[in-house]
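Engineer:
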Amino acid sequence: MNSIYLENNVSLPKFNDSDISSLKYYFELNKRYYDKVNAELQTELAEHPVFGPLIKMQTPQQQKAQNERSHEMQRAAIFDGKWQEYAAELMTQGIMYARMNISYVDWYELIKLYKKLLIPHLKKDFPKSDDIISFLDGMTILIDYVMYALADAYFREKNNIIKTKEEQFRAIFENLADTILLIDKNLTINMINRVGVGLKKENFIGKSLLDVQMPDSYDTVKNAIDSVFKTKAPSTFETRYILDGLKKYYSSSVSPILGTDGEVENLVLTSRDISAKKRSENEIKEMNVTLESKVSERTEQLKKSNSELEQFAYSASHDLQEPLRSITNFSKLLSIKLEKYSDKEINEYMNTISGGAKRMSNLIFDLLNYSRIGKEMSKSEINFGKLLPEVLTELSASIEESGAEIHLEKLPTINAYEIKSVFLNLIGNAIKFRRKDVPCVINISASEKGKEIMFAIKDNGIGIEKEYYNRIFIIFQRLHTLVEYDGTGIGLSQCKKIIEQQGGKIWVESEFGKGSTFYFTLSKI
Numbered sequence: 070m071n072s073i074y075l076e077n078n079v080s081l082p083k084f085n086d087s088d089i090s091s092l093k094y095y096f097e098l099n100k101r102y103y104d105k106v107n108a109e110l111q112t113e114l115a116e117h118p119v120f121g122p123l124i125k126m127q128t129p130q131q132q133k134a135q136n137e138r139s140h141e142m143q144r145a146a147i148f149d150g151k152w153q154e155y156a157a158e159l160m161t162q163g164i165m166y167a168r169m170n171i172s173y174v175d176w177y178e179l180i181k182l183y184k185k186l187l188i189p190h191l192k193k194d195f196p197k198s199d200d201i202i203s204f205l206d207g208m209t210i211l212i213d214y215v216m217y218a219l220a221d222a223y224f225r226e227k228n229n230i231i232k233t234k235e236e237q238f239r240a241i242f243e244n245l246a247d248t249i250l251l252i253d254k255n256l257t258i259n260m261i262n263r264v265g266v267g268l269k270k271e272n273f274i275g276k277s278l279l280d281v282q283m284p285d286s287y288d289t290v291k292n293a294i295d296s297v298f299k300t301k302a303p304s305t306f307e308t309r310y311i312l313d314g315l316k317k318y319y320s321s322s323v324s325p326i327l328g329t330d331g332e333v334e335n336l337v338l339t340s341r342d343i344s345a346k347k348r349s350e351n352e353i354k355e356m357n358v359t360l361e362s363k364v365s366e367r368t369e370q371l372k373k374s375n376s377e378l379e380q381f382a383y384s385a386s387h388d389l390q391e392p393l394r395s396i397t398n399f400s401k402l403l404s405i406k407l408e409k410y411s412d413k414e415i416n417e418y419m420n421t422i423s424g425g426a427k428r429m430s431n432l433i434f435d436l437l438n439y440s441r442i443g444k445e446m447s448k449s450e451i452n453f454g455k456l457l458p459e460v461l462t463e464l465s466a467s468i469e470e471s472g473a474e475i476h477l478e479k480l481p482t483i484n485a486y487e488i489k490s491v492f493l494n495l496i497g498n499a500i501k502f503r504r505k506d507v508p509c510v511i512n513i514s515a516s517e518k519g520k521e522i523m524f525a526i527k528d529n530g531i532g533i534e535k536e537y538y539n540r541i542f543i544i545f546q547r548l549h550t551l552v553e554y555d556g557t558g559i560g561l562s563q564c565k566k567i568i569e570q571q572g573g574k575i576w577v578e579s580e581f582g583k584g585s586t587f588y589f590t591l592s593k594i
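The sequence shown begins at 70 in the numbering used here and counts up by one.
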């Protein structure tokens, strides 16, 4: 094949006579194996995680019709020169794979599998290597072109998808009410969505976060950032700015973005204008001062009145020798309860930003559940011997896929708040973080410890290094990349919050490479 060129938005080949001759030889010879090899291919791919579901979506008749159509288009291209129609079909396939998020590598592996299944038939029928080489020359020429055409359409469509997602992310990012900054580990501002009136983004991009702070906010911001780098946990703070001659107050949160090495790679700083809240707080303080003054004044008046009444009573008692009943007035106490102002948390940046931001479609739905924990909670009698089978039923798909063995010891019945989600998380994690070289075994038990019941979920999985024992319970903290294990990084922090709101505690004991045991306690009362 001399070259490939683009015409009418499709990739067309420039084959010489030798190429066409090889292609025809390949096609004619391949006809005798086409149906049989395709049948073997369907069997091999039946359980493939990507192509298996696609195959099952079609009936055998539909699959046969599709294969015949593809085969005929291939024949027309090779023998009749109708490459435009075949190229358009390949372009459609490439776009479809991109939209379905099928990996281009998966498609390449499919081609390799087809060749692997075909070769034994050739060796059997054509013991002479020259015949096979001629056949393979034609097949290679065709596959090279097919893969090029597919890849061209696939990556063009992927770029369109990425561009669209970036535009969508940009629109969301730019229109959020809060100010959001993406900062690298050197504290350089790389992105910002909004700035104050009279300012420009150019005044911030490329500058150090600390260099754009007011003098009285510098230490506050620096201490918060130092805390994030040290603890790898989010930190919140308040700052004051003077913009356009007006005082502006901001409530901010800075959160870490960890790299694959577990170290802080970037920071996300979110700031919300709380100037109105601060004004209200100041007004309330002034009202309190005024009220205190009025109360003090009224108290003095009451003291004076009481003194006069005492004098009158003494005089009346002394002069008239008649008992008098003194009357005492008391004042009202006005209690003003301040409503707390709570900031909302922000997702994704964008997978990363794909993500990829889509890391950023993934990379959003778990954070809302965490904030509701503890609301409208009420105790009820829970029979854990009945609850755990329900939990295992919900996890049946994961249990079956992993082949996990789960053993339940005798479990108690106590009054407690909602606890089912804790078992779902801990057992689900034990299955997820199993070792690949041994069968997954999980033991669930409970024992009395004074006024508490201590539950234990023990596994023989990959284990956790001791230095990460506390970190795993911090929201959004992960020990593994998304490529290794999926998840949102919220599950264990949810468990911790649920347990602690019930007066219990949760912890882990583990040996790296040998498994973990998660413990938590609940009151028996």
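Glycine residues also receive a C-beta, built at the ideal position from the N, C-alpha and C atoms. Nothing here was measured: the structure is a model prediction, and the numbers come from that model.
Less than 9 Å between the C-beta atoms of residue 592 and residue 521, yes or no?
Structural biologist: Yes, they are a contact pair.
Engineer: Which residues in the same chain as residue 145 place their Cβ atom closer than 6 Å to its Cβ, once the five residues preceding and following it in sequence are excluded?
Structural biologist: Counting only Cβ-Cβ distances below 6 Å, and skipping sequence neighbours, we find 151.
Engineer: For the alpha helix (DSSP H) containing residue 287, list its first residue and its last residue.
Structural biologist: 287-300 is the extent of the alpha helix (DSSP H) around residue 287.
Engineer: Rounded to a whole number of angstroms, what is the C-alpha to C-alpha distance between residue 501 and residue 173?
Structural biologist: Taking the straight line from one Cα to the other gives about 27 Å.
Engineer: Does DSSP put residue 523 in a helix, in a strand, or in coil?
Structural biologist: The answer is strand: DSSP assigns residue 523 an E or B state.
Engineer: Which residues does DSSP list as the beta-bridge partners of residue 307?
Structural biologist: Per DSSP, 320.
Engineer: Going by the beta-carbon positions, is the gap between residue 579 and residue 543 smaller than 9 Å?
Structural biologist: Cβ distance not < 9 Å, so residue 579 and residue 543 don't count as in contact.
Engineer: Would you verify that the beta carbon of residue 131 is, or is not, closer than 9 Å to some beta carbon of chain C?
Structural biologist: No chain C appears in this structure, which consists of one protein chain only.
Engineer: Which first and last residues belong to the beta strand (DSSP E) in which residue 253 is found?
Structural biologist: Note, residue 253: beta strand (DSSP E), 248-253.
Engineer: Within 10 Å of its beta-carbon, does residue 324 have 16 or more other beta-carbons around it, so buried, or fewer, so exposed?
Structural biologist: Residue 324 comes out buried.
Engineer: Return the residue from the list 287, 295, 300 and 297 that minimises the CA-CA distance to residue 308.
Structural biologist: Residue 287 is the option with its Cα nearest to residue 308.
Engineer: Can you tell me which of 276, 183 and 201 puts its alpha carbon nearest to the alpha carbon of residue 191?
Structural biologist: Of the candidates 276, 183 and 201, the one whose C-alpha sits nearest the C-alpha of residue 191 is 201.
Engineer: Could you check whether residue 248 and residue 139 sit closer than 9 Å to each other, using their CB atoms as the reference points?
Structural biologist: Contact flag unset, no.
Engineer: Nearest-angstrom Cα distance between residue 453 and residue 283?
Structural biologist: When rounded, the distance between both Cα atoms is 56 Å.
Engineer: Would you report the Cα separation of residue 575 and residue 449, rounded to the nearest angstrom?
Structural biologist: If you take the alpha carbons of residue 575 and residue 449, they lie about 21 Å apart.
Engineer: Is it true that the CB of residue 262 sits closer than 9 Å to the CB of residue 243?
Structural biologist: Yes, the Cβ-Cβ distance between residue 243 and residue 262 is below 9 Å.
Engineer: Quick one, are the C-beta atoms of residue 230 and residue 167 less than 9 Å apart?
Structural biologist: For residue 230 and residue 167, yes; Cβs fall inside 9 Å.
Engineer: Out of 300, 348, 463 and 327, which one is the CA nearest neighbour of residue 315?
Structural biologist: Per the Cα distances, 348.
Engineer: Nearest to residue 484 by CA position, among 225, 115 and 590, is which residue?
Structural biologist: Selected option, being the one with the closest Cα: 590.
Engineer: Let me check one thing: in DSSP terms, what residues is residue 482 bridge-paired to?
Structural biologist: BP columns for residue 482 point to 452.
Engineer: Is the Cβ-Cβ distance between residue 219 and residue 163 less than 9 Å?
Structural biologist: In this structure, residue 163 lies closer than 9 Å to residue 219 by Cβ.
Engineer: According to DSSP, is residue 329 part of a helix, a strand, or is it coil?
Structural biologist: Here residue 329 sits in coil by DSSP.
Engineer: Just curious, the alpha helix (DSSP H) that residue 568 is in, first and last residue?
Structural biologist: Residue 568 -> alpha helix (DSSP H) spans 560-570.
Engineer: Helix, strand or coil for residue 539, going by three-state DSSP, please let me know.
Structural biologist: Looking at residue 539 - three-state DSSP - the assignment turns out to be coil, as it is neither helix nor strand.
Engineer: Along the alpha helix (DSSP H) that carries residue 115, what are the first and last residues, could you check?
Structural biologist: Premise fails: residue 115 is in no alpha helix (DSSP H) and is neither H nor E.
Engineer: How long is the line joining the alpha carbons of residue 468 and residue 482, rounded to whole angstroms?
Structural biologist: One C-alpha to the other measures close to 25 Å.
Engineer: On a Cα-Cα basis, can you pick out the residue from 357, 85, 195 and 209 that is closest to residue 180?
Structural biologist: Closest option to residue 180, Cα to Cα, is 209.
Engineer: In the DSSP assignment, what residue or residues form a beta bridge with residue 513?
Structural biologist: DSSP output for residue 513 lists 477 and 526 as bridge partner(s).
Engineer: Following the continuous alpha helix (DSSP H) through residue 161, name the residue where it begins and the one where it ends.
Structural biologist: 152-168 is the extent of the alpha helix (DSSP H) around residue 161.
Engineer: Output needed for residue 523: all residues of its chain with C-beta closer than 8 Å, excluding positions within five of it in sequence on either side, in chain order.
Structural biologist: Cβ within range, chain order: 515, 516, 517, 588, 589 and 590.
Engineer: Using a Cβ-Cβ cut-off of 8 Å (strictly less than) and excluding sequence neighbours within five positions of residue 472, which residues of its own chain qualify?
Structural biologist: Contacts found: 508 and 509.
Engineer: With a CB to CB cut of under 6 Å and the five nearest residues on each side skipped, what residues in its chain are close to residue 89?
Structural biologist: Excluding residues within five positions, none has a Cβ falling inside 6 Å.
Engineer: On the criterion of 16 or more Cβ atoms from any shown chain inside 10 Å, does residue 290 qualify as buried, or is it exposed?
Structural biologist: Residue 290 comes out buried.
Engineer: Compare the beta carbon distance of residue 360 and residue 252 with 9 Å and say whether it is the shorter of the two.
Structural biologist: Not a contact, by the Cβ cut-off of 9 Å.
Engineer: Who are the near neighbours of residue 119 in its chain, counting only those whose CB is closer than 8 Å to its CB and skipping five residues on each side?
Structural biologist: If we look at residue 119 and ignore the five residues flanking it on each side, its Cβ neighbours are 171, 172 and 175.
Engineer: Exposed or buried, which one is residue 72 when buried takes at least 16 other CB atoms within 10 Å?
Structural biologist: Looking at its Cβ environment, which holds fewer than 16 other Cβ atoms inside 10 Å, residue 72 is exposed.
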